[in-house]
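Numbering (our numbering) for the sequence shown: -12 to 148. Even for Gly, the Cβ is constructed at its ideal location relative to N, Cα and C. Let me begin by presenting the structure, written as structure tokens, before commenting on it.
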Amino acid sequence: MKTHFYDLKFNDAHGEEQSMESYKGKVILIINTPVETENNEQLTDADHIYQKYKDQGLAVLGFPSDDFNRKLYIQNPLANNDDKVPYNPTFPLMEEVHVRGHDIHPVFQYLTEGRSALFINKVKWNYTKFIVSREGRVVSRYAPQKSVIQLEDEIQELLNG
-12 MKTHFYDLKF NDAHGEEQSM ESYKGKVILI INTPVETENN EQLTDADHIY QKYKDQGLAV
48 LGFPSDDFNR KLYIQNPLAN NDDKVPYNPT FPLMEEVHVR GHDIHPVFQY LTEGRSALFI
108 NKVKWNYTKF IVSREGRVVS RYAPQKSVIQ LEDEIQELLN G
């Protein structure tokens, strides 16, 4: 496993390799999203925060996962979903990944292992959120029930810090 957050690589929704290095110096909110969704409150809240703070250095990254055997719906630009009305967040969505288990993606392995007692636990459900500082340090983890709007004060503090 990579030893620094900025060494981590992942694919965007188009299958193009990306690196956390390109987000260096930004506060990053990482959210594991369902592959498909009917309830968009978490995503619309994340979009709202992203639009409000992106010019101050906030990045929001959505990583779709179907590890919870629940098909919900987010628009994947590579999928043929003509019969569904997608929700298209303005923040970037990545390629579908595993957020737990033997095939856990390196980004989520980094986020959940070896940081501190707060981060050792596996991701338990969709919409688990992680906040990474401008220095690439994982500073917070939030359960799915916590709204992105409730994270705004912490995000502001990190952006101003």
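Sorted by chain position, which residues of the same chain lie with C-beta nearer than 7 Å to residue i's C-beta, five sequence neighbours on each side aside?
i: residue 139; result: 36
i: residue 112; result: 55, 131
i: residue 77; result: 34, 37, 38
Alpha carbons only, please: which of the options is nearest the one belonging to residue i?
i: residue 118; options: 111, 109, 98; result: 98
i: residue 43; options: 15, 136, 91, 29; result: 15
i: residue 147; options: 83, 120, 0, 47; result: 120
i: residue 3; options: 52, 30, 83; result: 83
i: residue 100; options: 13, 51, 125, 48; result: 125
i: residue 115; options: 89, 50, 79; result: 50
Reducing DSSP to helix, strand and coil, say where residue i ends up.
i: residue 70; result: Because the pLDDT of residue 70 is 47, which lies under 50, any placement of that residue in the model is unreliable, and the number read from its coordinates should be weighed accordingly. Coil, per DSSP.
i: residue 127; result: strand
i: residue 86; result: coil
i: residue -5; result: coil
i: residue 118; result: strand
Enumerate in chain order the residues of its own chain whose CB-to-CB distance from residue i is below 6 Å, with the five nearest sequence positions on each side excluded.
i: residue 87; result: 54, 109, 110
i: residue 149; result: A question about residue 149 goes unanswered here, because the residues of the chain that appear run from -12 up to 148.
i: residue -8; result: 7, 123
Pull up the distance between the alpha-carbon of residue i and that of residue j, whole angstroms please.
i: residue 135; j: residue 11; result: 22 Å
i: residue -1; j: residue 34; result: 17 Å
i: residue 91; j: residue 47; result: 20 Å
i: residue 19; j: residue 133; result: 13 Å
i: residue 70; j: residue 81; result: For residue 70, the predicted model reports a pLDDT of 47, less than 50, meaning its position is unreliable; a value from the coordinates is still stated below. Looking at the two C-alpha atoms, the distance is approximately 22 Å.
i: residue 1; j: residue 137; result: 31 Å
i: residue 29; j: residue 52; result: 15 Å
By Cβ distance below 8 Å, which residues in the same chain neighbour residue i in space, the five residues on each side in sequence not counted?
i: residue 72; result: Note on residue 72: pLDDT 49, under 50, position unreliable in the model; the coordinate value appears next. The answer is none, since no qualifying residue turns up.
i: residue 145; result: 14, 118, 120, 121, 126
i: residue 142; result: 14, 16, 36, 40, 45, 118
Kindly provide the ranges of any beta strand (DSSP E) runs that are 3 or more residues long and lie completely inside the stretch -1 to 60, ordered along the chain. 4 to 6, 14 to 21, 45 to 52
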